[in-house]
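In our numbering, the protein residues as written are 139 to 426. Ideal placement from N, C-alpha and C gives every residue a C-beta, glycine not left out. Small disclaimer: the values here were computed from a predicted structure and weren't measured. One structure is given here, and the rest of the page talks about it.
Written out as structure tokens, the structure reads:
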């Protein structure tokens with residue numbers, strides 16, 4: 139019996155209808171046009187009001203250029219409408235490739251993609267929406283039983299794609315509570331850990347995000363048994379999502395959801411404030 143496992147899941151629409159190839163080709167085209175214009179990734183990021191790491195991810199085909207970005211990039215690179223002309227096709231492709239995840243996670247992924255509010259508590263690992271590509275790869279690489287390389291790369295790409303939630307406007311309400319012990323665990327090694335802490339600082343400084351740390355010195359804690367996410371889809375009541383050993387559960391019963399809502403509210407009062415959290419992460423980076 140082999141120790142390497144391939145995750146079974148239905149084929150993604152992005153794989154079956156060719157939209158994944160469109161995104162990769164568009165990334166290569168973006169890189170070519172940027173280099174032809176003599177512009178660095180940092181300069182293009184400034185001109186399009188996004189992060190340098192996002193430009194890099196789009197050029198590698200890991201993240202999908204949003205239609206609004208293509209319009210700004212077209213002007214910044216002076217491509218004469220070449221990139222802007224692809225905006226409608228990209229918008230349609232994004233609509234066709236919403237489902238990218240294994241069956242047990244699919245309902246939540248669909249709900250998350252249309253959320254107007256999301257509140258996440260994690261006591262084991264950095265939340266997927268906040269992970270760097272290298273951190274996510276380390277998480278999937280270390281999983282047991284081992285996953286094959288193709289599955290690891292698919293899982294990483296899918297996780298990075300979910301982070302497009304930060305680029306939506308109007309922005310959803312986003313808040314995260316992470317245990318201090320999670321921040322101290324150097325998953326992937328020192329370099330990956332440092333980059334992950336820097337990513338937390340970047341996200342934590344967004345005006346659309348509140349990031350809090352639950353420190354290990356707290357003498358009271360309302361949710362020691364599991365991580366969870368509260369999500370409010372557009373036009374529907376709040377739901378809760380929990381996951382254990384690859385078995386996810388999307389909870390919609392109001393009485394059950396209320397339990398998680400109360401736990402999250404108490405933890406927000408017990409955890410460090412967002413400003414105190416950023417100070418703690420800055421100190422952790424300075425101590426390395």
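Quiz item: Excluding sequence positions up to five away, which residues of its chain have a Cβ less than 6 Å from the Cβ of residue 160?
Solution: The sequence position of residue 160 within the chain shown is 22, counting from 1. Hits under 6 Å: 231.
Practice problem: Grab the span of the alpha helix (DSSP H) containing residue 183 for me, first residue to last. | Solution: Here residue 183 corresponds to residue number 45 of the chain shown, with the count starting at 1. It spans 179 to 186 - the alpha helix (DSSP H) in which residue 183 sits, taken as one unbroken run.
Exercise. List the DSSP bridge partners of residue 258.
Key: Along the chain shown, read from residue 1 onward, the residue named residue 258 stands at position 120. Assignment of beta-bridge partners to residue 258 by DSSP yields 314 and 367.
Exercise. Whole angstroms is fine: what's the gap from residue 303's alpha carbon to residue 355's?
Key: Your numbering for residue 303 matches position 165 in the chain shown. Your numbering for residue 355 matches position 217 in the chain shown. When only Cα atoms are considered, residue 303 and residue 355 end up about 32 Å apart.
Quiz item: Can you name, in chain order, every residue of its own chain whose Cβ lies under 7 Å from the Cβ of residue 294, other than the five neighbours on each side?
Solution: The count along the chain shown starts at 1 and reaches residue 294 at position 156. So the qualifying residues of the chain are 271, 274, 275 and 278.
Quiz item: In this structure, does DSSP put residue 387 in helix, strand or coil?
Solution: Within the chain shown, the letter at position 249 stands for residue 387. DSSP places residue 387 in the strand class (E or B) of the three-state scheme.
Quiz item: Quick one: is residue 410 buried, meaning 16 or more other Cβ sit within 10 Å of its Cβ, or exposed?
Solution: For this step, residue 410 is matched to residue 272 along the chain shown. Around the C-beta of residue 410, 16 or more other C-beta atoms lie within 10 Å, and the residue is accordingly described as buried.
Practice problem: Using 10 angstroms around the beta-carbon of residue 363, count the other beta-carbons present and answer buried if the total reaches 16, otherwise exposed. | Solution: Counted from its first residue, the chain shown places residue 363 at position 225. Answer is exposed; the Cβ neighbour count stays below 16.
Exercise. Could you have a look at residue 309 and say whether DSSP puts it in helix, strand or coil?
Key: Start at 1 with the first residue of the chain shown, and residue 309 comes out as number 171. Three-state result, residue 309: coil.
Quiz prompt | Alpha-carbon spacing of residue 327 relative to residue 373, whole angstroms | solution = For the purposes of this step, residue 327 is taken as residue 189 along the chain shown, with counting starting at 1. For the purposes of this step, residue 373 is taken as residue 235 along the chain shown, with counting starting at 1. Straight-line Cα distance between these residues: approximately 42 Å.
Quiz item: Do you know how far the Cα of residue 208 is from the Cα of residue 319?
Solution: Sequence index remark: in the chain shown, residue 319 carries index 181 (1-based). Sequence index remark: in the chain shown, residue 208 carries index 70 (1-based). When rounded, the distance between both Cα atoms is 40 Å.
Quiz item: Which residues mark the beginning and the end of the alpha helix (DSSP H) in which residue 344 is found?
Solution: Locating residue 344 in the chain shown gives position 206, where the first residue counts as 1. Looking at the DSSP string, residue 344 is not in any alpha helix (DSSP H), and its letter there is neither H nor E.
Quiz item: Per the contact definition of three or more C-beta pairs closer than 8 Å, is the segment 379 to 396 in contact with the segment 343 to 353?
Solution: These segments do not touch.
Quiz item: If residue 189 and residue 340 are in contact, beta carbons under 8 Å, what's the gap, nearest whole angstrom?
Solution: Here residue 189 refers to the residue found at position 51 when the chain shown is read from its first residue. Here residue 340 refers to the residue found at position 202 when the chain shown is read from its first residue. Confirmed, about 7 Å.
Quiz item: Would you call the segment 329 to 349 and the segment 384 to 395 touching, i.e. three or more CB-CB distances under 8 Å?
Solution: With the cut-off at 8 Å, the segment 329 to 349 and the segment 384 to 395 do not touch.
Quiz item: Taking buried to mean at least 16 other C-beta atoms within 10 Å of its own C-beta, is residue 375 buried or exposed?
Solution: Against the chain shown, residue 375 aligns to sequence position 237. Looking at its Cβ environment, which holds fewer than 16 other Cβ atoms inside 10 Å, residue 375 is exposed.
Quiz item: Relative to the C-alpha of residue 169, which residue among 204, 228 and 211 is closest?
Solution: Indexing the chain shown from 1 puts residue 169 at position 31. Taking residue 169 as reference, the option from 204, 228 and 211 with the minimal CA-CA separation is 211.
Quiz item: Is residue 269 buried or exposed, if buried means 16 or more other CB atoms sit within 10 Å of its CB?
Solution: Reading the chain shown from its first residue, position 131 is the one you call residue 269. Within a 10 Å sphere around the beta-carbon of residue 269 sit 16 or more other beta-carbons, which makes this residue buried.
Self-check item: Euclidean distance between Cα positions of residue 317 and residue 226
Solution: Looking up residue 317 in the chain shown gives position 179. Looking up residue 226 in the chain shown gives position 88. Residue 317 and residue 226 have their alpha carbons spaced roughly 42 Å apart.
Exercise. Classify residue 415 as helix, strand or coil using the three-state DSSP reduction.
Key: For the purposes of this step, residue 415 is taken as residue 277 along the chain shown, with counting starting at 1. Note: residue 415 maps to helix in three-state DSSP.
Quiz item: Any idea if residue 216 is buried or exposed, counting beta-carbon neighbours within 10 angstroms, 16 or more meaning buried?
Solution: Counting from one through the chain shown, the residue named residue 216 turns up at place 78. Its Cβ having fewer than 16 others within 10 Å, residue 216 is exposed.
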